[in-house]
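Remarks on the structure that follows.
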Amino acid sequence: MERADGFNLQITKLTNYKFTQFTRSLNYKSFMSKFAEPMTRLIDELKKLPGVGSKSAQRLAFHILRSSEEDAEALAAAVRDVKAKLRLCTVCNNITDVDPCVYCSNPTRNQRLVCVVEEPTNIAAIEKTRHFNGAYHVLHGSISPLHGVGPEQLRLSNLMRRIDAGEVDEVILATNPTVEGEATAVYISQQIRRPGVKVTRIATGIPVGSDIEYADEVTMLKAMEGRREL
Ligand code: ZN
182 MERADGFNLQ ITKLTNYKFT QFTRSLNYKS FMSKFAEPMT RLIDELKKLP
232 GVGSKSAQRL AFHILRSSEE DAEALAAAVR DVKAKLRLCT VCNNITDVDP
282 CVYCSNPTRN QRLVCVVEEP TNIAAIEKTR HFNGAYHVLH GSISPLHGVG
332 PEQLRLSNLM RRIDAGEVDE VILATNPTVE GEATAVYISQ QIRRPGVKVT
382 RIATGIPVGS DIEYADEVTM LKAMEGRREL
């Protein structure tokens, strides 16, 4: 038994060595074209992911090929489900598998306090603080004339409906402190101005742990503007 195991190990080592030698002996381009069709297809699909180049895609594809049947199937199923089962919350546009989403349907959260963010991932950043107990509204973007995104492309109609129905006391504009985010905040503040609805903008400024000596003028100005009484 021991001999047999040792023998198998030798074979594995030899195979791995030979494989490495084989891949090294070919330049990348000629090697790419020698993949079997399903492998080429997987690599091509993985290459479409952000931050994944040809070599990373190849490494991932080989990892998937070597992984167990169950792991590969679980990955494929997760990719399928994310498209099939997730949709936008009809109240706040958050990505969800139940409608309304967990934030909109939670009775312990203040549904009259709405925090507006650009992307669904921004919600996680705010939730991390554990200090916000209101609801959200996701715009899925920001106004960016350079990228051809105008105000009409923002998902704003369902927020307007909530405001017009008298369901909102305060709207916190938590779009990014970028040119696009600021323009979006200004535009929304003009659109949603109604008597009895408070519109606020998150304060931005010096990041915690940094030195004010290194802050640029805009950051410093924002920090001064956002000051509060102690
Ligand atoms: Zn929701």
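Residue numbers (our numbering): 182 to 411.
Note that CB positions come from ideal geometry on N, CA and C, so glycine has one too.
Burial state of residue i (16 or more Cβ within 10 Å)
i	result
Glu146	As shown, the chain starts at 182 and ends at 411. That puts residue 146 outside it, with no answer to give.
Asn291	exposed
Val295	buried
Leu256	exposed
Pro171	One cannot answer for residue 171 here, as it falls past the ends of the chain, which runs 182 to 411.
Thr310	exposed
Glu410	exposed
Any non-hydrogen atom of ligand 1 closer than 6 Å to residue i Cβ
i	result
Asn275	yes
Cys296	no
Val272	yes
Pro288	no
Pro301	no
Tyr284	yes
Pro358	no
Distance between beta carbons of residue j and residue i, contact taken as under 8 Å
i	j	result
Asn274	Asn357	The pair is not a contact, with the Cβ atoms about 17 Å apart (cut-off 8 Å).
Ala366	Arg382	6 Å
Inter-residue spacing [alpha-carbon to alpha-carbon] between residue i and residue j
i	j	result
Lys210	Phe216	Because Lys210 carries a pLDDT of 49, less than 50, the predicted location of this residue cannot be relied on, and the following value inherits that uncertainty. Distance between the alpha carbons of Lys210 and Phe216: 11 Å.
Leu230	Gly347	42 Å
Cys270	Val319	9 Å
Phe313	Ile307	7 Å
Val352	Ile344	9 Å
Val389	Glu254	43 Å
Asp397	Ala404	11 Å
Pro376	Asp350	10 Å
**Asked** In chain order, which beta strand (DSSP E) runs of at least 3 residues are fully inside the stretch 340 to 411?
**Response** 351 to 354 and 379 to 382
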